[in-house]
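Residue numbers (our numbering), protein chains in the order written: chain A, 726 to 953; chain B, 726 to 953.
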């Protein structure tokens with residue numbers, strides 16, 4: 726069975742958005758896996774991977790790290806399972822979508838929710854998490870709280886191209902989900918695991934889409950410790 | 726032969742970015758066409774289409790307007806020609822890419838270049854163009870000139886997900902172009918037709934990619950009245 730190494734927080738919260746991309750990619754392929762939580766600061770636990778970040782998977786003798794690399798690995802090694810990318814053009818466009826998620830959506834969500842996310846970190850990881858927030862925001866997580874509404878508004882605006890798209894089709898991948906759905910959904914999944922606050926207003930087409938993603942693969946993403 | 730109705734400006738500049746999406750989609754499919762310039766304010770010329778905007782194509786008895794609708798029409802009616810979308814997942818992801826281009830890239834480019842674009846409008850269209858700039862920017866085109874450098878910087882930042890992608894692959898569509906390439910390229914094509922100013926700094930991967938697009942289909946996009 727494939728082993729997945731991922732971040733774990735308080736109350737066994739599996740909060741890493743990148744790990745959720747891998748979890749949903751594995752579920753999409755119908756591949757069973759066991760997940761092992763590690764602390765952000767426990768680099769020894771994943772030293773075998775040759776890197777310092779999760780997710781990492783071990784599939785038999787093969788070790789792969791980085792959620793995008795893992796998705797490409799799964800697509801290459803399990804070509805008979807349902808495709809994550811849907812042919813070369815889809816694969817190339819998923820790379821763009823992934824870059825958009827990482828460079829536009831994630832930073833906006835991080836600014837909006839870091840003040841909550843600090844609360845679910847394991848005490849051993851809090852100083853590291855706080856330092857990473859200070860690096861990008863210039864202030865400690867709690868100092869971002871007064872600006873949460875403003876940051877939600879910016880996030881909502883940043884999501885506009887996805888919102889426009891998901892008014893017209895069920896998934897980013899069309900009638901069926903593709904890896905791009907899992908990338909974007911991983912941000913909302915992180916949000917519901919780290920914060921009790923609703924990211925999207927009622928009636929937002931992105932909310933209905935995210936519910937559809939939570940329903941996929943027998944509710945693979947719904948069944949986890951979360952606030953909402 | 727397919728007829729294309731598109732905007733025309735001074736010195737026969739075919740400046741409409743949306744029209745270039747259609748031109749490149751037609752070239753991609755290997756379909757011959759003749760292009761007829763119309764003024765932005767000459768709604769009578771395209772009344773036959775049932776709408777008030779170009780591009781419009783007439784293919785035999787069929788009239789189609791709106792560049793995205795035209796692309797879908799061409800893909801549906803000419804399935805034996807090279808695909809614009811590359812299967813359903815690619816089609817769905819192109820819709821997102823198109824939304825990103827329209828809602829993020831185009832507005833940023835418009836603010837940066839409206840002060841130049843006014844210069845190439847036919848005198849009959851200038852009041853209309855000025856009014857459309859005032860509607861989105863709150864000021865007349867020439868008043869945007871002092872902020873051009875700042876708007877270029879914003880455009881450059883908005884393009885970051887595409888830049889990251891095109892460092893790793895030749896086209897947005899991967900090894901070969903797809904409709905997403907034509908959508909993004911249409912903005913740079915508009916820029917080189919309406920302005921002598923370089924949008925991208927030397928060495929930007931997006932510049933090398935745009936040159937590749939200009940080379941496609943026997944230089945279909947390169948051969949037009951432009952500043953650069």
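Using N, Cα and C, we set each Cβ at its ideal position, and we do this for glycine too.
Sequence-distant residues of the same chain with beta carbon closer than 7 Å to residue i, five excluded per side
| i | result |
| --- | --- |
| residue 877/A | 837, 924 |
| residue 747/B | 729, 780, 782, 792, 795 |
| residue 899/A | none |
| residue 851/B | 843 |
| residue 884/A | 830, 931 |
| residue 904/A | 750, 796, 809, 810, 819 |
| residue 914/A | 742, 745, 946 |
| residue 815/A | 903 |
| residue 916/A | 834, 838, 924 |
| residue 784/B | 727 |
| residue 849/B | 764, 766 |
Partners in chain B for residue i, counting only beta-carbon separations shorter than 8 Å
| i | result |
| --- | --- |
| residue 894/A | 817, 820 |
Cβ-based neighbour list, residue i, same chain, cut-off 8 Å, excluding 5 preceding and 5 following
| i | result |
| --- | --- |
| residue 831/A | 742, 912 |
| residue 861/A | 832, 835, 836 |
| residue 930/A | 888, 891, 892 |
| residue 865/A | 855, 858, 859 |
| residue 759/A | 726, 727, 728, 729 |
Cβ-heavy atom distance, residue i to the ligand HEM, below 7 Å
| i | result |
| --- | --- |
| residue 750/B | The ligand HEM is not among the ligands present in this structure, which contains no ligands whatsoever. |
Proximal residues of chain B, C-beta to C-beta of residue i below 7 Å
| i | result |
| --- | --- |
| residue 824/A | 886, 889, 890 |
| residue 829/A | 886 |
Per-residue contacts from residue i into chain A (C-beta, under 8 Å)
| i | result |
| --- | --- |
| residue 897/B | 817, 818, 821 |
| residue 810/B | 814 |
| residue 905/B | 818, 821 |
Collapsed DSSP secondary structure at residue i in the structure displayed
| i | result |
| --- | --- |
| residue 809/A | coil |
| residue 730/A | strand |
| residue 847/A | coil |
| residue 879/B | helix |
| residue 762/A | strand |
| residue 790/B | strand |
| residue 947/A | coil |
| residue 938/A | helix |
| residue 781/A | strand |
| residue 896/B | strand |
| residue 841/B | helix |
| residue 677/B | What the structure shows of chain B is the stretch from 726 to 953, and residue 677/B is not part of that stretch, so it cannot be assessed. |
| residue 834/A | helix |
| residue 741/A | coil |
| residue 804/B | coil |
| residue 767/A | coil |
| residue 749/A | helix |
| residue 888/B | helix |
| residue 860/B | helix |
| residue 776/B | coil |
Neighbouring residues, chain A, relative to residue i (Cβ below 9 Å)
| i | result |
| --- | --- |
| residue 900/B | 813, 817 |
Own chain partners of residue i with C-beta closer than 6 Å, once the 5 adjacent residues on each side are dropped
| i | result |
| --- | --- |
| residue 734/A | 740, 845, 846, 847 |
| residue 761/A | 730 |
| residue 752/B | 942, 945 |
| residue 880/A | 833, 834, 837 |
| residue 874/A | none |
| residue 738/A | 845, 918, 950 |
| residue 897/A | 905, 906 |
| residue 799/A | 750, 754 |
| residue 789/A | 782, 795, 798 |
| residue 757/B | 726 |
| residue 853/B | 765, 766 |
| residue 736/B | 950 |
Any 3 or more C-beta pairs closer than 8 Å across the region 897 to 910 of chain B and the region 811 to 831 of chain B: Contact between the region 897 to 910 of chain B and the region 811 to 831 of chain B is present, because at least three Cβ pairs lie under 8 Å.
Any 3 or more C-beta pairs closer than 8 Å across the region 805 to 818 of chain B and the region 767 to 780 of chain B: Cβ pair count under 8 Å is below three, so no.
Any 3 or more C-beta pairs closer than 8 Å across the region 836 to 854 of chain B and the region 862 to 869 of chain B: Taking 8 Å as the limit for Cβ pairs, the verdict is that the region 862 to 869 of chain B does touch the region 836 to 854 of chain B.
Contact between the region 918 to 938 of chain B and the region 928 to 940 of chain A (3+ Cβ pairs under 8 Å): The region 918 to 938 of chain B is not in contact with the region 928 to 940 of chain A.
Any alpha helix (DSSP H) of 4 or more consecutive residues that is wholly inside the region 898 to 942 of chain B: Runs found: 904 to 919.
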